[in-house]
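A.B. asks:
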Amino acid sequence: MTTDEGIKYDRSLLGVEHPIGTFSVTREMIVGFARSTGETDEKYIGSPDGTGDVVAPSTICNIFVNGVSRPDISLEFGDLSFFAGQSIECKSEIKPGDTLSATTRLEEVYAKTGRSGKMVFSVWRTTFTNQKDDTVALVNESFVRRNRSK
Amino acid sequence: MNTNIVYFEDVELGDDIGPITRTVESDQVLEFVSLREPDPKPSRFTSEAAAKEEGLPNAIVPGAMNIALMSQILTDWSPTVCLKKIDVVFRGMVPHEKPLTFSGIVTDKDDSGNSTDLECDIVMENQEGVRLVIGHAEFALPSKP
């Protein structure tokens, strides 16, 4: 069972879009991301002589959401935080030269009780659009707070 | 890179995808972290000492990197895969320098004739068979010409 009753946090943040930045996508960035994650397909890493057109792997937006600072929701629960899960919807191809703008919003906060006790999840949804105003990716991130085991 | 061409008609419910095995090297994690922060400070992702200070047994692979690795179950399966959505849950810490096995199973196929969409469950396991990351993906394959 999930619920948000009784969870203390700043509810005024729910559904409010916050700009988190504008990001230029370079060939070097795409190839670096692809290589660091073990991609071997030349459509992502280019040809062995360092040339050739590339497109970004579908999950590249993670470079930009990783470590971004979001508004503090002032959640009054737990003393231990984890990155619980993530989803990425790939809407359109991302290429070198693209400029991506991102906004994020607090989608929901809910509690769940598991074997290790009560946990509170906060879910943020980040939307990336390119310079043509096309949505290229939607990223949902779920963070969990719980109390340390005694 | 796998050059095996897979078409929508080749796939049945319950088909296995993969497995593939990967080992994430510490240098790869450093390269990944450096994409966002060119001169990263030691952290649980890049430093054994920093990880141990946080009570972890060793440095771990960032969640943001794990989802990229998970997507490769599909993109490595066939260059014809068009990934539409990937959804993962992090269940355990993913270590550096240890073999990881990725696999999937086809769970849904749109036989209505309106699309060539499919869905699958995906999993990353360590050498002991412990599920470190689980998830679900939606993708499309082209029809046979």
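Quick mapping for you: the protein sequence lines, in order, are chains A and V.
The working numbering numbers the first residue of the first sequence as 3 and each following residue consecutively.
The working numbering numbers the first residue of the second sequence as 3 and each following residue consecutively.
All C-beta atoms, glycine included, are put in the ideal place defined by N, C-alpha and C.
Using Cβ-Cβ distances below 8 Å, what residues of the region 37-67 of chain V are close to chain A?
C.D. replies: So the list reads L37, R38, E39, P64, G65, A66 and M67, given in the order they occur along the chain.
A.B. asks: Could you tell me if Q74 (chain V) is buried or exposed, where buried requires 16 or more neighbouring beta carbons within 10 angstroms of its beta carbon?
C.D. replies: Counting Cβ neighbours within 10 Å, Q74 (chain V) comes out buried, since at least 16 surround it.
A.B. asks: Who pairs with P97 (chain V) in a beta bridge, going by DSSP?
C.D. replies: Its beta-bridge partners are V:I62.
A.B. asks: Can you list the beta strand (DSSP E) stretches of 3 or more residues lying completely in the region 9-54 of chain V, in chain order?
C.D. replies: Counting whole runs of 3 or more residues, the region 9-54 of chain V contains the beta strand (DSSP E) stretches 18-25.
A.B. asks: Under 8 Å between C-beta atoms, does N68 (chain A) make it to chain V?
C.D. replies: So yes, N68 (chain A) belongs to the interface.
A.B. asks: Express the C-alpha separation of E7 (chain A) and P98 (chain A) in angstroms, rounding to a whole number.
C.D. replies: So the two alpha carbons sit approximately 45 Å from each other.
A.B. asks: Mind pulling the chain A residues with CB within less than 7 Å of R24 (chain V)?
C.D. replies: Going along chain A in sequence order, the residues near R24 (chain V) (Cβ under 7 Å) are G40.
A.B. asks: To the nearest angstrom, report how far apart R72 (chain A) and I22 (chain A) are at their CA atoms.
C.D. replies: Rounded to whole angstroms, R72 (chain A) to I22 (chain A) spans 8 Å at the Cα level.
A.B. asks: Look up T118 (chain V) in the DSSP assignment and say whether it is helix, strand or coil.
C.D. replies: T118 (chain V) falls in the coil class under three-state DSSP.
A.B. asks: Quick one: is P148 (chain V) near chain A, going by C-beta distance under 8 Å?
C.D. replies: Lying before the first or after the last residue shown, residue 148 (chain V) is absent from chain V, which here runs from 3 to 147.
A.B. asks: Mapping DSSP to helix, strand and coil, what is T77 (chain V)?
C.D. replies: Note: T77 (chain V) maps to helix in three-state DSSP.
A.B. asks: Residues of chain C with CB closer than 9 Å to the CB of P81 (chain V), please, in chain order.
C.D. replies: In summary, chain C is missing from the structure at hand, where the protein chains are A and V.
A.B. asks: Does DSSP put I16 (chain A) in a helix, a strand or coil?
C.D. replies: The residue asked about is misnamed: residue 16 (chain A) is Leu in this sequence, not Ile. L16 (chain A) falls in the strand class under three-state DSSP.
A.B. asks: So is S61 (chain A) in contact with chain V if we call contact Cβ pairs under 8 Å?
C.D. replies: Residue identity differs from the one stated: residue 61 (chain A) is Thr in this sequence, not Ser. Closer than 8 Å to some Cβ of chain V, the Cβ of T61 (chain A) qualifies, so yes.
A.B. asks: Where T115 (chain A) and G137 (chain V) are concerned, what is the direct C-alpha to C-alpha distance, given to the nearest angstrom?
C.D. replies: If you take the alpha carbons of T115 (chain A) and G137 (chain V), they lie about 21 Å apart.
A.B. asks: Taking only beta-carbon atoms, is V13 (chain V) less than 8 Å away from chain A?
C.D. replies: No - not a single Cβ of chain A is within 8 Å of the one on V13 (chain V).
A.B. asks: Can you name, in chain order, every residue of its own chain whose Cβ lies under 6 Å from the Cβ of L77 (chain V), other than the five neighbours on each side?
C.D. replies: Residue 77 (chain V) is actually Thr in this sequence, not Leu. So the list reads V83, once near-sequence residues are dropped.
A.B. asks: Taking the beta strand (DSSP E) that G119 (chain A) belongs to, which residues open and close that run?
C.D. replies: Taken as a continuous stretch (DSSP letters only), the beta strand (DSSP E) holding G119 (chain A) covers G119 to T131.
A.B. asks: What would DSSP say about S38 (chain A), mapped onto helix, strand or coil?
C.D. replies: It is helical.
A.B. asks: For D89 (chain V), decide whether its Cβ has a neighbour in chain A, counting only Cβ atoms nearer than 8 Å.
C.D. replies: Cβ-Cβ to chain A under 8 Å: yes for D89 (chain V).
A.B. asks: Give the residues of chain V in contact with F85 (chain A), contact being defined as C-beta atoms less than 9 Å apart.
C.D. replies: Those within 9 Å of F85 (chain A) in chain V are P64, G65, A66 and F92.
A.B. asks: What does DSSP give as the partner residues of T82 (chain V) in its beta bridges?
C.D. replies: DSSP lists no partner for T82 (chain V).
A.B. asks: Using a Cβ-Cβ distance under 8 Å, would I96 (chain A) count as near chain V?
C.D. replies: It does not: the Cβ of I96 (chain A) has no partner Cβ on chain V nearer than 8 Å.
A.B. asks: Any C-beta of chain V sitting closer than 8 Å to the C-beta of F145 (chain A)?
C.D. replies: Taking Cβ atoms only, chain V never reaches closer than 8 Å to F145 (chain A), which makes this a no.
A.B. asks: For the candidate residues A:M31, A:K45, A:I47 and A:R150, whose alpha-carbon lies nearest to that of K120 (chain A)?
C.D. replies: If we check each option's Cα against that of K120 (chain A), A:R150 comes out closest.
A.B. asks: Threshold first: 4 residues or longer. Then list the alpha helix (DSSP H) segments lying entirely within the region 59-118 of chain A, N to C.
C.D. replies: Fully enclosed alpha helix (DSSP H) runs of 4 or longer: 64-67.
A.B. asks: Applying a beta-carbon distance threshold of less than 7 Å, which residues of chain A neighbour E127 (chain V)?
C.D. replies: What E127 (chain V) touches in chain A: nothing, since even the nearest Cβ is about 17 Å away.
A.B. asks: What residue range does the alpha helix (DSSP H) around I47 (chain A) cover?
C.D. replies: From DSSP, the alpha helix (DSSP H) with I47 (chain A) extends over E44 to I47.
A.B. asks: Do the region 124-133 of chain V and the region 131-143 of chain A touch if we need at least three Cβ pairs shorter than 8 Å?
C.D. replies: Too few Cβ pairs lie closer than 8 Å, so no.
A.B. asks: So M31 (chain A) contacts chain V; which residues on that side make the cut at Cβ distance below 9 Å?
C.D. replies: Per Cβ cutoff of 9 Å: L37.
A.B. asks: Keeping to the same chain, check which residues put their C-beta closer than 6 Å to that of E121 (chain V); ignore five residues upstream and five downstream.
C.D. replies: Closer than 6 Å at Cβ, skipping near neighbours: T109, D110 and E140.
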